[in-house]
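In our numbering, the protein residues as written are 496 to 850. Glycine included, every Cβ here is placed at the ideal spot set by N, Cα and C. Okay, so here's the structure we're looking at.
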């Protein structure tokens, strides 16, 4: 099934630079990259300084880099990521997405975060020809180059739909894709994947094709569930310890799972546990504006189910919510002018309702 990069390129270290690797059109080795890095740090724009700092960290004598987690599995914290583990992650990505030396890739993500850093590592290790642009919300706005592999967050994808004709393979991560965005992407010829992962797993450990509900794991990943029904991840090439998430999943087999929702989003309404993401899926295509459901305190139920819609007030017919189960129908509809999001475009449910 996989090309097994690990067998083709054994004993790799962070000092190795694939001889097919290019940065902005130039073949560069480790020494060249360190010189470029010093120039970026001294004279570059903010995004170039970040790239320069990463290269200097990557090629130093330490066998790890330090990063702050996004808080997916708890409060943000400083972690050490082994460089060898990052190499293994890059090899697994190459296997899963069938990347080849000489493939052309685009880095349009900020390299302060793990997703941007790993685009650099994949390019170095797999021999990709990497172009770098400022991590704006419109990364393909002036682009005329055809890319084999690009990674974006949903907000960038939303602003790049016309430009995706020049992208052969796109991975989307950092935040859950809005259902309306998915509908816009389905007709495109681009091979599009939604990824699942976090800083602690060194980006994605699973991916699914656009329009599918089933995530398939990457090589060397093992998955299970804890007693809450949440996903537990074991990647021997990354960590000796299991990574316990707060993501409720349905395990289909030892290679595949369906993401159900975040356990911290679950609403306990009168003793009935409701998963917002499942309710939202049933309403997909029925509401023209962006929306989500959440729980608000209620003296009788403990929590009541509330539908939150972005934009102006709308009226709905009496049978509008018949697609929902008895306990899934909202007790209240709230309209807000604008949803709050983090810099990756991830919806912030509770803060949206705090004003």
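CA-to-CA distance, residue j to residue i, given in whole angstroms
{"i": "residue 625", "j": "residue 600", "result": "5 Å"}
{"i": "residue 771", "j": "residue 558", "result": "42 Å"}
{"i": "residue 633", "j": "residue 747", "result": "37 Å"}
{"i": "residue 473", "j": "residue 644", "result": "Because residue 473 is not part of the residues shown, which for the chain are 496 to 850, the question remains open."}
{"i": "residue 811", "j": "residue 794", "result": "26 Å"}
{"i": "residue 522", "j": "residue 530", "result": "13 Å"}
{"i": "residue 592", "j": "residue 610", "result": "16 Å"}
{"i": "residue 683", "j": "residue 676", "result": "12 Å"}
{"i": "residue 488", "j": "residue 821", "result": "Only positions 496 to 850 of the chain appear in the structure, and residue 488 is not among them; the question remains open."}
{"i": "residue 826", "j": "residue 508", "result": "57 Å"}
{"i": "residue 721", "j": "residue 799", "result": "27 Å"}
{"i": "residue 608", "j": "residue 785", "result": "27 Å"}
{"i": "residue 768", "j": "residue 762", "result": "6 Å"}
{"i": "residue 630", "j": "residue 686", "result": "22 Å"}
{"i": "residue 709", "j": "residue 755", "result": "11 Å"}
{"i": "residue 680", "j": "residue 792", "result": "37 Å"}
{"i": "residue 718", "j": "residue 728", "result": "5 Å"}
{"i": "residue 806", "j": "residue 758", "result": "27 Å"}
{"i": "residue 809", "j": "residue 823", "result": "20 Å"}
{"i": "residue 652", "j": "residue 614", "result": "17 Å"}
{"i": "residue 819", "j": "residue 752", "result": "24 Å"}
{"i": "residue 711", "j": "residue 701", "result": "5 Å"}
{"i": "residue 697", "j": "residue 814", "result": "46 Å"}
Alpha helix (DSSP H) segment containing residue i, residue limits
{"i": "residue 583", "result": "578 to 591"}
{"i": "residue 778", "result": "771 to 778"}
Contacts around residue i, its chain only, beta-carbon distance under 7 Å, and the 5 residues preceding and following it disregarded
{"i": "residue 587", "result": "713, 714 and 715"}
{"i": "residue 847", "result": "803, 831, 834 and 835"}
{"i": "residue 548", "result": "536"}
{"i": "residue 543", "result": "535"}
{"i": "residue 787", "result": "771, 775, 803, 842 and 844"}
{"i": "residue 515", "result": "596, 597 and 622"}
{"i": "residue 796", "result": "764 and 765"}
{"i": "residue 723", "result": "758"}
{"i": "residue 618", "result": "516, 600 and 625"}
Segment limits, beta strand (DSSP E) that includes residue i
{"i": "residue 825", "result": "Premise fails: residue 825 is in no beta strand (DSSP E) and is neither H nor E."}
{"i": "residue 858", "result": "This structure leaves residue 858 out entirely; the chain is present only between 496 and 850."}
{"i": "residue 792", "result": "786 to 793"}
{"i": "residue 741", "result": "738 to 746"}
{"i": "residue 639", "result": "Residue 639 -> no beta strand (DSSP E), and no H or E assigned at all."}
{"i": "residue 834", "result": "Careful: residue 834 lies outside any beta strand (DSSP E) and carries neither H nor E."}
{"i": "residue 729", "result": "725 to 730"}
{"i": "residue 709", "result": "709 to 712"}
{"i": "residue 782", "result": "Careful: residue 782 lies outside any beta strand (DSSP E) and carries neither H nor E."}
{"i": "residue 560", "result": "559 to 563"}
Spatial neighbours of residue i in its chain, beta-carbon cut-off 6 Å, leaving aside the 5 residues before and after
{"i": "residue 497", "result": "Per-residue confidence for residue 497 stands at a pLDDT of 43, beneath the threshold of 50, marking its modelled position as unreliable; the derived number appears in the next sentence. If we look at residue 497 and ignore the five residues flanking it on each side, its Cβ neighbours are 590 and 714."}
{"i": "residue 628", "result": "603 and 634"}
{"i": "residue 616", "result": "581 and 585"}
{"i": "residue 606", "result": "545, 546, 549 and 612"}
{"i": "residue 674", "result": "779"}
{"i": "residue 817", "result": "none"}
{"i": "residue 517", "result": "624"}
Three-state secondary structure (DSSP) of residue i
{"i": "residue 718", "result": "strand"}
{"i": "residue 483", "result": "Here the chain covers residues 496 to 850 and nothing more, so residue 483 does not appear."}
{"i": "residue 844", "result": "helix"}
{"i": "residue 761", "result": "coil"}
{"i": "residue 799", "result": "strand"}
{"i": "residue 811", "result": "coil"}
{"i": "residue 768", "result": "strand"}
{"i": "residue 657", "result": "helix"}
Contact set for residue i: own chain, Cβ-Cβ below 8 Å, skip 5 residues either direction
{"i": "residue 837", "result": "670 and 843"}
{"i": "residue 510", "result": "525 and 554"}
{"i": "residue 639", "result": "661"}
{"i": "residue 539", "result": "546 and 547"}
{"i": "residue 577", "result": "558, 559 and 733"}
{"i": "residue 520", "result": "624 and 626"}
{"i": "residue 561", "result": "573, 574, 575 and 576"}
Beta carbon proximity, residue i to chain B, threshold 9 Å
{"i": "residue 758", "result": "Given the protein chain composition of this structure (a single chain), no chain B is represented."}
Alpha helix (DSSP H) segments (min. 4 residues) lying fully within the segment 659 to 699: For the segment 659 to 699, whole alpha helix (DSSP H) runs of length 4 or above, ordered along the chain, are 674 to 680.
Jot down the residue ranges of each uninterrupted alpha helix (DSSP H) in the segment 507 to 555, minimum 4 residues, whole runs only, in chain order. Fully enclosed alpha helix (DSSP H) runs of 4 or longer: 525 to 538 and 541 to 553.
Could I get the ranges of all uninterrupted beta strand (DSSP E) runs contained in the segment 597 to 637, with 3 residues as the minimum, in chain order? Uninterrupted beta strand (DSSP E) stretches at least 3 residues long and entirely within the segment 597 to 637 occur at 599 to 602 and 624 to 627, given in chain order.
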